[in-house]
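Contents: one structure, followed by commentary.
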Amino acid sequence: MSPPSSVPKEYRPGYLPPSITHQAQKDLPGKQRPLDPTPFNDVMADGSKYKPAGKLEGKNAVVTGGDSGIGRAVTILYALEGANVLFTYHPNEEADAKDTVDDIKKRVPQAKVEAVAVEIQTEQACFELAEKIKKWCGNELHVLANNAGTQNEVPNIEDLPSEQWRHVFDVNIHSMFYLIKSLIPIMPWGSSIINNASINPFIGHPKLLDYTATKGAIVGFSRALSNQIVGERGIRVNCVCPGPIWTPLIVATMGEESLKAFGPGTPIGRAGQPIEVATAFVFLASIDSSYFTAQCFHVNGGSAY
């Protein structure tokens, strides 16, 4: 059975972005502007536009790495759902950050949105960011979406530099710990922490040893933190585990062999779009998920483990 004609080509089984192996980028975490096609932030799998329902009206939300890829889609949907949003971006990604703010202002002129440039791999940087967040939200934060991350393929452990290993841990998991530790005191009962993990801890990606290790740590950390705080503080903690999603990080970090196989090998037959992950972030941030905590949401096109 074929999909209806209204379904965009990007959502059809077997789709692979054109000339994907020629879209490689050198600078991390990768720029969204050059991607062909542009990742979907608000176009659903049936071709319709995302329909907000005020699920986060009046809430204060922070999204790390919110300028591109999954983070941009999360930032946009949060704003569409009525949240005040502060997102961070790597200093190299000024253009993508501006595009994100402009996109939100075009859709939601009254939106309160702020972009903060920061490299979050040190405790001091995270502490300074937390202080900015506290001032921005008036010491009341309802949603913390830890999305920022990095990766770089290295097929052989003997070729994996120790500096890269430490850097990936600093960005992917240490920054998450520092931010949560600093911001939990200003998160009221009913707040939500959502950590972006990955499919890779469940499959053991052979070329992403360091990245996979950090994402496995995020899964364990999220479950343990939930069990530590949900009863006493009423703060829920969950993680989202995406499969192959069309984002700048993919073309900035993966080799030709991986790019050629990107997406079609999933049971659903294609890579995912950022909005397909962002809707999970909306659900987990909203009251709709009030009985969900310590869970992993597998947004991966049908891979089961």
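For the sequence shown, UniProt numbering begins at 1 and goes up steadily by one. In this text, a Cβ means the ideal position worked out from N, Cα and C, and glycines have one as well. A quick note: this is a predicted structure, and the numbers were derived from the prediction, not measured.
Using a Cβ-Cβ cut-off of 8 Å (strictly less than) and excluding sequence neighbours within five positions of F221, which residues of its own chain qualify? I173, M176, F177, N195
First and last residue of the beta strand (DSSP E) that includes L60? Here the sequence assigns Asn to residue 60, which means Leu is not the residue at that position. From DSSP, the beta strand (DSSP E) with N60 extends over 60–63.
Could you name the residues that DSSP lists as bridge partners for H298? C241
With distances taken Cα to Cα, identify the nearest neighbour of I218 among Q228, A197, P155, L225. A197
Where do the N-terminal and C-terminal ends of the alpha helix (DSSP H) with Y211 fall, by residue? 209–233
Helix, strand or coil, according to DSSP, for Y291 in the structure here? coil
Taking the straight line between their C-alpha atoms, what separation do you get for L179 and E128? 10 Å
Distance, Q25 Cα to P264 Cα: 22 Å
Count the other CB atoms, across all protein chains shown, that sit within 10 Å of the CB of Y50; report buried if there are 16 or more and exposed otherwise. buried
Which of helix, strand or coil does DSSP assign to T21? helix
Boundaries (first-last residue) of the beta strand (DSSP E) holding T88: 84–89
Going by DSSP, what residue range makes up the beta strand (DSSP E) through S192? 192–196
In angstroms, rounded to a whole number, what distance separates the CA positions of V143 and P244? 25 Å
Proximity below 8 Å, CB of I76 to CB of D103: yes
Return the first residue and the last residue of the beta strand (DSSP E) that L144 is part of. 143–146
For a quick check, are the C-beta atoms of N238 and L284 less than 8 Å apart? yes
Considering Cα atoms alone, identify which of D36, V43, D27 is closest to V7. V43
Tell me, to the nearest whole angstrom, how far the beta carbon of P37 is from that of P17; I am working on the premise that it is less than 8 Å. 6 Å
Whole runs of the alpha helix (DSSP H) within the segment 243–268, excluding any shorter than 4 residues: 248–253, 256–260
If you follow the alpha helix (DSSP H) that A73 is part of, which residue opens it and which one closes it? 69–80
Who are the near neighbours of H205 in its chain, counting only those whose CB is closer than 6 Å to its CB and skipping five residues on each side? T212
Contacting residues, own chain, Cβ-Cβ under 6 Å from H90 (five flanking each side not counted): P29
For V116, which three-state DSSP category applies? strand
Locate the alpha helix (DSSP H) running through E94, then write down its first and last residues. 94–107
Residue span of the alpha helix (DSSP H) that contains R166, given as start and end: 162–169
Rounded to the nearest angstrom, what separates S286 and K55 at their Cα positions? 6 Å
In the DSSP assignment, what are the bridge partners of R236? S192
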